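Undergrad: Provided herewith is a single structure, encoded as structure tokens, for subsequent inquiry.
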Amino acid sequence: MHHHPHPRERDTAAFAPAAPLASLVAAAECVPFISVPPRHSNQQLLFFFFFFFFFFFFFSFASPTEQLCSSFLLLLLVIVRTSAGDNRTTPNGAAAAVMAAATVGVLLRLLLLPVVVVVSLLVGASRAANVTYDHRAVVIDGVRRVLVSGSIHYPRSTPDMWPGLIQKSKDGGLDVIETYVFWDIHEAVRGQYDFEGRKDLVRFVKAVADAGLYVHLRIGPYVCAEWNYGGFPVWLHFVPGIKFRTDNEAFKAEMQRFTEKVVDTMKGAGLYASQGGPIILSQIENEYGNIDSAYGAAGKAYMRWAAGMAVSLDTGVPWVMCQQSDAPDPLINTCNGFYCDQFTPNSKSKPKMWTENWSGWFLSFGGAVPYRPAEDLAFAVARFYQRGGTFQNYYMYHGGTNFGRSTGGPFIATSYDYDAPIDEYGMVRQPKWGHLRDVHKAIKLCEPALIAAEPSYSSLGQNTEATVYQTADNSICAAFLANVDAQSDKTVKFNGNTYKLPAWSVSILPDCKNVVLNTAQINSQVTTSEMRSLGSSIQDTDDSLITPELATAGWSYAIEPVGITKENALTKPGLMEQINTTADASDFLWYSTSIVVKGDEPYLNGSQSNLLVNSLGHVLQIYINGKLAGSAKGSASSSLISLQTPVTLVPGKNKIDLLSTTVGLSNYGAFFDLVGAGVTGPVKLSGPNGALNLSSTDWTYQIGLRGEDLHLYNPSEASPEWVSDNAYPTNQPLIWYKTKFTAPAGDDPVAIDFTGMGKGEAWVNGQSIGRYWPTNLAPQSGCVNSCNYRGAYSSNKCLKKCGQPSQTLYHVPRSFLQPGSNDLVLFEQFGGDPSMISFTTRQTSSICAHVSEMHPAQIDSWISPQQTSQTQGPALRLECPREGQVISNIKFASFGTPSGTCGNYNHGECSSSQALAVVQEACVGMTNCSVPVSSNNFGDPCSGVTKSLVVEAACS
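In terms of the UniProt record's numbering, the sequence shown has 78 at position 78, counting the first letter as 1, and numbering is strictly consecutive.
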């Protein structure tokens with residue numbers, strides 16, 4: 001319901017590669033017809049070289065219409081050429097005539113070339129958008145825009161998933177896709193750039209353009225994002241003299257070089273709006289204002305330098321800085337948080353923008369699963385637009401998966417689902433996605449008023465507020481009525497009418513009279529999905545079902561040796577910090593030393609001693625003479641480890657091996673780049689009569705595992721290490737496992753349930769699906785059965801899965817799988833039984849809805865803000881989630897005072913006997929259905945009571 005057609009919607013094929021290719025093929029086929037007499041080949045070749053160079057360049061960026069115009073001009077050239085010299089068999093006697101005609105042809109062509117260029121440039125220029133801003137909004141081609149945006153991070157999904165995710169975002173009412181740019185994946189080695197596969201930023205931006213949406217490109221290049229080292233490549237730490245994110249020449253030079261690389265890459269592909277591309281905004285730095293005081297005056301100087309450097313890159317679109325209240329002009333300072341309605345930009349000439357509305361929160365290994373109720377998120381969004389905001393972005397709209405070793409933290413989980421409107425697997429999360437889509441439609445109905453008028457605020461009583469946007473001639477009017485009370489519903493008078501406002505809600509009135517939506521009243525359906533295993537099914541974290549399908553051909557194994565096995569091991573006195581030693585080439589660092597025991601040492605009690613090891617984290621295992629003697633882990637709140645364990649020593653030489661493991665590097669805070677890891681001591685043996693401090697003795701260091709060096713994770717590389725034996729070791733540390741499996745049929749999303757394993761990493765066909773850690777449990781307390789959306793949300797307000805593993809299910813993208821046989825490789829650090837893991841597929845089990853007589857009508861029944869004669873009442877609407885499905889069964893229907901949640905509804909004391917029959921008649925056999933919620937439809941089982949209709953249905 002856009003009242004200002006989206007410029008990209010007029011030309012959704014502008015970036016489609018197919019059309020330019022087809023046109024070029026056609027142009028190439030013309031070549032024989034414009035071949036030339038040999039004696040003019042030099043002029044002709046020169047002409048055609050320039051002509052086709054230009055033609056190819058222009059066609060790469062042209063729309064079908066522009067290609068048609070250019071093809072017409074090309075045809076003119078062909079006609080000119082043909083008329084000038086199609087008599088190729090002319091005898092020698094006519095040579096002069098041919099020469100004259102050919103010369104005329106060449107001249108005409110040279111005259112026409114500037115025409116082609118000028119016409120083409122004019123057509124191209126007409127597609128470039130002029131993006132500016134004023135105090136109210138981002139302005140595109142002179143028109144203020146009310147924009148809804150959502151974050152999707154390209155490396156957290158796969159190129160095969162991108163078009164579907166973007167389309168679901170568009171269907172959900174988004175105008176803009178926001179992404180960070182991840183420096184570490186694009187330049188893992190200094191000066192060697194990688195933009196392939198999941199790293200193909202240009203392809204991602206073009207996919208957004210193909211859907212007719214805009215892009216906000218947050219270059220950073222510090223991104224935080226719960227990403228390893230905040231997105232910085234770890235080599236940056238080793239640049240001589242460098243200090244991160246301050247007025248340091250070495251850092252600024254590297255930051256500018258990468259920022260320029262990204263901007264040049266985008267410009268080279270014509271992706272800025274100023275070139276006709278989709279990028280309308282860019283961000284430099286990221287939440288620096290939260291921590292810049294730690295850097296003093298040098299921090300302020302750096303921030304001003306970063307702003308100036310960004311502007312100098314001349315992208316033709318505005319730059320923003322988030323959480324930077326002193327961002328210099330012309331950069332727009334923006335807000336991040338759970339609520340930003342009270343935010344004010346630092347200049348009366350800048351619009352109110354919200355770059356991160358946190359749709360949930362991230363998951364940590366060892367933490368409970370956070371979620372944010374849809375009613376609260378909708379309330380935050382409506383309050384922001386009510387109070388003058390015009391650009392809002394969900395962080396995240398699709399969170400995705402932290403593949404490989406990309407998690408930050410430490411202890412960030414592999415799932416980055418974020419309770420986002422589109423879940424980790426790419427399926428819409430209902431009712432959140434649907435309710436927000438309705439909110440966006442309601443906001444868009446108000447857009448003519450929001451861009452034409454200034455807000456006018458008035459109190460309607462305690463904790464209630466009206467905001468009106470009305471033009472001077474009263475021709476356009478929109479209003480928002482808010483009840484910010486966390487407990488009490490309110491009834492208010494506005495413009496002579498009475499409105500009921502539930503607690504912690506906003507009602508949206510696009511005509512200042514009729515409520516088209518209240519944020520606390522959800523008209524959208526709810527879906528429960530399940531992860532289905534072969535032979536069983538288990539309820540997932542969000543009441544969704546999951547199926548193990550692992551037709552394995554038995555397991556092979558390889559034993560990872562304890563301690564030092566590589567020739568390039570390093571021996572030094574004292575304990576070395578881990579990240580400075582490994583440069584994050586691996587999660588693993590071995591610390592190895594040995595002592596000779598006679599038997600009378602003061603730290604001995606018989607053959608026993610106590611070994612104390614202090615570590616900065618993140619995980620520690622102690623091996624004495626090759627046998628595991630103890631292990632410990634840090635947590636997201638503190639990665640520090642102090643492990644004291646009794647050890648048995650033997651007479652003679654004793655080997656002490658410490659395996660220190662990182663679980664993602666720090667990504668946030670002042671000087672986060674200097675936060676260390678690994679065993680820094682003391683390391684000490686103690687007994688009843690004394691102690692032996694081993695901290696300054698000689699230690700030998702090995703970076704990474706032997707299996708990593710042998711590429712055991714890549715099954716295409718044969719290795720003699722693998723043992724195929726029916727009796728493979730289980731519940732032992734440091735084992736590699738390998739098997740073959742057949743991919744689950746169909747196209748449902750796939751996950752592996754790692755229940756039964758300890759901690760490790762998994763690879764499917766050589767691609768890492770991330771770290772798994774199903775033995776890391778959430779705390780027993782802190783969760784709520786049902787989270788009250790009323791009142792301010794915080795990251796620990798709504799938690800589930802207390803006392804359970806933080807993550808058991810790990811996403812395997814369909815594009816990682818191949819038809820027929822697939823390889824699965826695991827490295828198990830703690831010990832587990834691989835026969836217990838299972839493949840699962842994610843399927844929708846039920847669709848439900850709960851709509852009361854007090855709900856507004858479905859938003860789609862409001863055609864435009866001018867149509868105020870609404871007679872349609874509330875309706876319950878159901879729609880099967882997948883194409884080709886129909887509603888096959890009504891599992892539950894009740895009209896009256898029902899209670900419960902989807903999959904667990906109950907009839908109330910008041911209940912209509914006709915409900916099931918009425919709903920079956922309306923819905924069974926349909927792909928979607930709408931059932932009016934009124935006593936006229938069901939009879940009145942209890943007069944004078946507000947009644948609701950709840951339905952649970954199945955699709956097949």
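We treat Cβ as the ideally placed atom computed from N, Cα and C, and that holds for glycine. Values in this document were obtained by computation on a predicted structure and should not be read as measured data.
Quick one: using the 10 Å Cβ neighbour count with 16 as the cut-off for buried, is V812 buried or exposed?
TA: So V812 ends up on the buried side.
Undergrad: Leaving out five residues on either side along the sequence, give the residues of the same chain with a beta carbon under 7 Å from the beta carbon of V723.
TA: Closer than 7 Å at the Cβ level, and outside the excluded window around V723, lie S556, Y557, A558.
Undergrad: With respect to the beta strand (DSSP E) encompassing residue 972, which residues constitute its N-terminal and C-terminal limits?
TA: Lying before the first or after the last residue shown, residue 972 is absent from the chain, which here runs from 1 to 956.
Undergrad: Check whether the segment 362–376 and the segment 797–816 touch, using three or more Cβ-Cβ pairs below 8 Å as the test.
TA: Touching, per the Cβ criterion.
Undergrad: Determine the direct distance from the alpha carbon of V764 to that of G554, and round the result to whole angstroms.
TA: So the alpha carbons of these two residues sit roughly 16 Å apart.
Undergrad: Ignore the nearest five residues each way along the sequence and tell me which others in G299's own chain have a CB closer than 7 Å to its CB.
TA: Excluding positions up to five away in sequence, the list reads T246, D292.
Undergrad: Mind checking who D823 pairs with in its DSSP beta bridge?
TA: BP columns for D823 point to K740.
Undergrad: Within 10 Å of its beta-carbon, does K738 have 16 or more other beta-carbons around it, so buried, or fewer, so exposed?
TA: Its Cβ being crowded by 16 or more others within 10 Å, K738 is buried.
Undergrad: Cutting at 6 Å between CB atoms, please list the residues of its own chain near G150, excluding the five before and the five after it.
TA: Answer for G150: S169, L174, Y394, Y397, listed in chain order.
Undergrad: Mind reading off the beta-carbon distance from I412 to G664? Whole number of angstroms is fine, and I expect it under 8 Å.
TA: Right, the Cβ-Cβ distance comes to about 5 Å (below 8 Å), so this counts as a contact.
Undergrad: Which residues in the same chain have their Cβ closer than 7 Å to the Cβ of G400, if we skip the five residues on either side of it in sequence?
TA: Cβ within range, chain order: H153, R156, S157, Y416, E424.
Undergrad: Determine, using beta carbons only, whether A583 and Y701 come nearer to each other than 8 Å.
TA: No, the pair does not count as a contact, with Cβ atoms beyond the cut-off.
Undergrad: For F379, report the span of its alpha helix (DSSP H) as first-last.
TA: Here the alpha helix (DSSP H) through F379 covers 374–386.
Undergrad: Quickly, what does DSSP pair T755 with across the bridge? List them, please.
TA: DSSP lists M757 as partners of T755.
Undergrad: Just list the residues that DSSP pairs R190 with in beta bridges.
TA: Partner(s): none; R190 has no beta bridge.
Undergrad: Could you say which of D860, V945, D264 lies nearest to V515 if we only look at CA atoms?
TA: Ranking the options by Cα distance to V515, first place goes to D860.
Undergrad: What does the alpha-carbon distance come out to for the pair Q430 and T527?
TA: Between Q430 and T527, the C-alpha separation is close to 5 Å.
Undergrad: Looking only at its own chain, which residues have a Cβ that is under 8 Å from the Cβ of E560, when we skip the five neighbours before and after it?
TA: Around E560: L705, R706, G707, L734, I735, W736, F827.
Undergrad: Tell me whether V205 sits in a helix, a strand or coil according to DSSP, three-state version.
TA: V205: helix per DSSP, three-state reduction.
Undergrad: I want to know whether the segment 776–783 touches the segment 843–858 - three or more CB-CB distances under 8 Å.
TA: Output reads no: the segment 843–858 does not touch the segment 776–783.
Undergrad: In whole angstroms, what separates the C-alpha of A954 from that of I890?
TA: Roughly 6 Å separates the two Cα atoms.
Undergrad: Compute the Euclidean distance between the alpha carbons of R877 and D171, then round it to the nearest angstrom.
TA: The alpha-carbon atoms of R877 and D171 are separated by roughly 17 Å.
Undergrad: Does E567 pass the burial test, meaning 16 or more other C-beta atoms within 10 Å, or should it be called exposed?
TA: So E567 ends up on the exposed side.
Undergrad: What residues are listed by DSSP as bridge partners for V723?
TA: In the DSSP output, where bridge partners are listed per residue, V723 has Y557.
Undergrad: If you follow the beta strand (DSSP E) that F588 is part of, which residue opens it and which one closes it?
TA: Segment 588–597, the beta strand (DSSP E) holding F588.
Undergrad: Please confirm whether T464 and L501 have their CB atoms less than 8 Å apart.
TA: In contact: T464 and L501 (Cβ atoms closer than 8 Å).
Undergrad: Please name the residue in H850, P941, A792 whose C-alpha comes closest to that of I522.
TA: Checked all of H850, P941, A792; the closest Cα to I522 is H850.
Undergrad: Quick one: any contact between the segment 132–148 and the segment 432–447, if contact means 3 or more CB pairs under 8 Å?
TA: The segment 132–148 vs the segment 432–447: in contact.
Undergrad: Out of N714, T775, N785, S594, state which residue places its alpha-carbon closest to the alpha-carbon of S695.
TA: If we check each option's Cα against that of S695, S594 comes out closest.
Undergrad: Just to confirm, are Q644 and N689 a CB contact at a threshold of 8 Å?
TA: Contact: no.
Undergrad: Buried or exposed for M926, please, with buried defined as at least 16 other CB atoms from any protein chain shown within 10 angstroms of its CB.
TA: Exposed.
Undergrad: Of all the options V317, Q578, E952, G289, which has the alpha carbon lying nearest to the alpha carbon of Q920?
TA: Ranking the options by Cα distance to Q920, first place goes to E952.
Undergrad: How many angstroms separate the CA atom of V562 from the CA atom of I622?
TA: Looking at the two C-alpha atoms, the distance is approximately 10 Å.
Undergrad: Spatial neighbours of L45 within its chain, please: C-beta separation below 8 Å, excluding the five flanking residues on both sides.
TA: Low per-residue confidence applies at L45: pLDDT is 44, beneath 50, and the placement is therefore not dependable, though the value from the model is reported in the following sentence. Here the set comprises nothing.
Undergrad: Applying the criterion that 16 or more other CB atoms from any shown protein chain within 10 Å of the CB defines a buried residue, is Q487 buried or exposed?
TA: So Q487 counts as exposed.
Undergrad: If you draw a straight line from the C-alpha of N906 to the C-alpha of A677, how long is it?
TA: About 53 Å.
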